[in-house]
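Numbering (the working numbering), first residue to last: 511 to 769. For glycine and all other residues, C-beta sits at the position ideal for the given N, C-alpha and C.
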Amino acid sequence: MDQLYANVEELSADCSEWKGNIQISETIDTNQDKRTGPQLSDGAFAKILCLLCVFLLIGLLTLAVFFARASAQWEAGRLALGDSFTNVTAELGHLQTRYNNLTGDREQLQVQFDKILVEKNDLQTQFQVFQQGWVNVKGSLYYISPTKRSWHESRADCLWRGADLLIINSREEQDFAGGLQERIWIGLTDADTEGEWKWVDGTPLTESYWAAGEPNGDPLRKEDCVEFKKYGLKFSWNDESCDLQNQWICEKKPSPCVG
Ligand code: MMA
Ligand code: CA
């Protein structure tokens, strides 16, 4: 028990000491508040204000430099953009010119293409005609038979081909048929009226190339049809029996080219 009282007293003594300390420190703190707070001197305040002004000035100068640099960069950028715009405009002009030229070229090529297409179709038609045995000479098509038949069978073949036996109405045609160097039937006959020679289209004979002594109209042979016989000569025709087996020549005008 005595020990207990002794401890309490000891604690009480410690507490008193601690309280004393607190009071001292409170006194010290109170004294400090009175020194640093409201009692800032005018000189110190002016110094701080001056310092703030210096910082502000430095800040303003920094901003001014930054603004000047940004402005210069912006101006440079604007000029570069202007140059780019000028270049792009010039390039656009060149491209427009090139486009116009190419359009002109394309139109010319289209015209050429159309012409070539027409020529190709024409050649194709001619080739087909040639394959069928026709040759084109000065605007007329001629078919020379590879075989021999009578005059009437020969004419029937020409009609079947959409043509008729050759009617000679120019010196060129006479020379062309004479140049074939064969006995060949042409579209001339006097079968309707003896001695009255007519072409197969019904027109009368005006320009003739009879061989010497022809037409002799041999009554025994009933010579009502005309052939090339003396083919090496300008005057080469002979009247012959229509039943003789000869080659023949058909003639027709080319049909207009379609497509
Ligand atoms: C053949 C015959 C006739 C022709 C004479 C020409 C013999 O008959 O082709 O038509 O007139 O030859 O000599
Ligand atoms: Ca004769």
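Over what stretch of residues does the beta strand (DSSP E) that includes Asp753 continue unbroken?
Here the question's residue 753 lines up with position 243 in the sequence shown. Where Asp753 is concerned, there is no enclosing beta strand (DSSP E), given that its DSSP letter is neither H nor E.
Is it the case that the Cβ atoms of Gln757 and Glu692 are separated by a distance below 7 Å?
Reading the sequence shown from its first residue, position 247 is the one you call residue 757. Reading the sequence shown from its first residue, position 182 is the one you call residue 692. Cβ distance < 7 Å, so Gln757 and Glu692 count as in contact.
Indicate, with yes or no, if ligand 1 has a heavy atom lying under 6 Å from the CB of Glu704.
Here residue 704 is taken as the residue at index 194 of the sequence shown, counted from 1. Ligand 1 never approaches Glu704 closely enough for any of its heavy atoms to be under 6 Å from the residue's Cβ.
Is Phe738 closer than 7 Å to Ser746 when the C-beta atoms are compared?
Position 236 of the sequence shown, counted from the start, is the residue given in the question as residue 746. Position 228 of the sequence shown, counted from the start, is the residue given in the question as residue 738. Cβ atoms of Ser746 and Phe738: closer than 7 Å.
Less than 7 Å separating the beta-carbons of Asp674 and Gly688?
For the purposes of this step, residue 674 is taken as the residue at position 164 of the sequence shown. For the purposes of this step, residue 688 is taken as the residue at position 178 of the sequence shown. Against a cut-off of 7 Å, the Cβ pair of Gly688 and Asp674 comes out as no contact.
Determine the burial state of Glu733: buried for a count of at least 16 other Cβ atoms within 10 Å of its Cβ, exposed for fewer.
Numbered from 1 along the sequence shown, position 223 holds the residue referred to as residue 733. Buried is the call here.
Suppose the cutoff is 6 Å on Cβ atoms and the five residues either side in sequence are ignored; what does the same chain contact list for Tyr741 look like?
As a working note, residue 741 is residue 231 in the sequence shown. Excluding the 5 residues flanking it on each side, Tyr741 has same chain C-beta neighbours closer than 6 Å at Gly688, Gln691, in chain order.
So, do the stretch 712-723 and the stretch 614-626 have three or more beta carbon pairs nearer to each other than 8 Å?
The stretch 614-626 and the stretch 712-723 do not touch, with fewer than three beta-carbon pairs separated by less than 8 Å.
Check each candidate in Asp702, Ile694, Lys763 and name the one with the smallest Cα separation from Val770.
For the chain, the structure presents residues 511 to 769; residue 770 sits outside this window and is missing.
Could you tell me the alpha carbon to alpha carbon distance between Arg665 and Asp728, rounded to whole angstroms?
Here residue 665 refers to the residue found at position 155 when the sequence shown is read from its first residue. Here residue 728 refers to the residue found at position 218 when the sequence shown is read from its first residue. Distance between the alpha carbons of Arg665 and Asp728 is about 22 Å.
Looking only at its own chain, which residues have a Cβ that is under 7 Å from the Cβ of Asp753, when we skip the five neighbours before and after it?
Locating residue 753 in the sequence shown gives position 243, where the first residue counts as 1. Counting only Cβ-Cβ distances below 7 Å, and skipping sequence neighbours, we find Ser660.
Please tell me whether, using a cut-off of 6 Å, the distance from the CB of Asn756 to the nearest non-hydrogen atom of ligand 1 is below it.
As a first step, residue 756 is located in the sequence shown; it is residue number 246 there, counting from the start. Every heavy atom of ligand 1 is 6 Å or more from the Cβ of Asn756, so no.
I need the straight-line Cα distance from Gln634 to Thr699, nearest angstrom please.
By 1-based counting over the sequence shown, the position of residue 634 is 124. By 1-based counting over the sequence shown, the position of residue 699 is 189. Straight-line spacing of the CA atoms in Gln634 and Thr699 works out to 36 Å.
Check this for me: beta carbons of Tyr719 and Gln684, under 7 Å apart or not?
Within the sequence shown, residue 719 is the residue found at index 209, counting from 1. Within the sequence shown, residue 684 is the residue found at index 174, counting from 1. Yes, the Cβ-Cβ distance between Tyr719 and Gln684 is below 7 Å.
Return helix, strand or coil for Gln620, following the three-state DSSP convention.
For the purposes of this step, residue 620 is taken as residue 110 along the sequence shown, with counting starting at 1. If DSSP states are grouped into helix, strand and coil, Gln620 belongs with the helices.
Starting from Phe745 and walking both ways along the alpha helix (DSSP H), at which residues does that stretch end?
Position 235 of the sequence shown, counting from 1, holds the residue named residue 745. First-last for Phe745: undefined, no H or E at that position.
Euclidean distance between Cα positions of Ser650 and Pro764:
Numbered from 1 along the sequence shown, position 140 holds the residue referred to as residue 650. Numbered from 1 along the sequence shown, position 254 holds the residue referred to as residue 764. Distance between the alpha carbons of Ser650 and Pro764 is about 6 Å.
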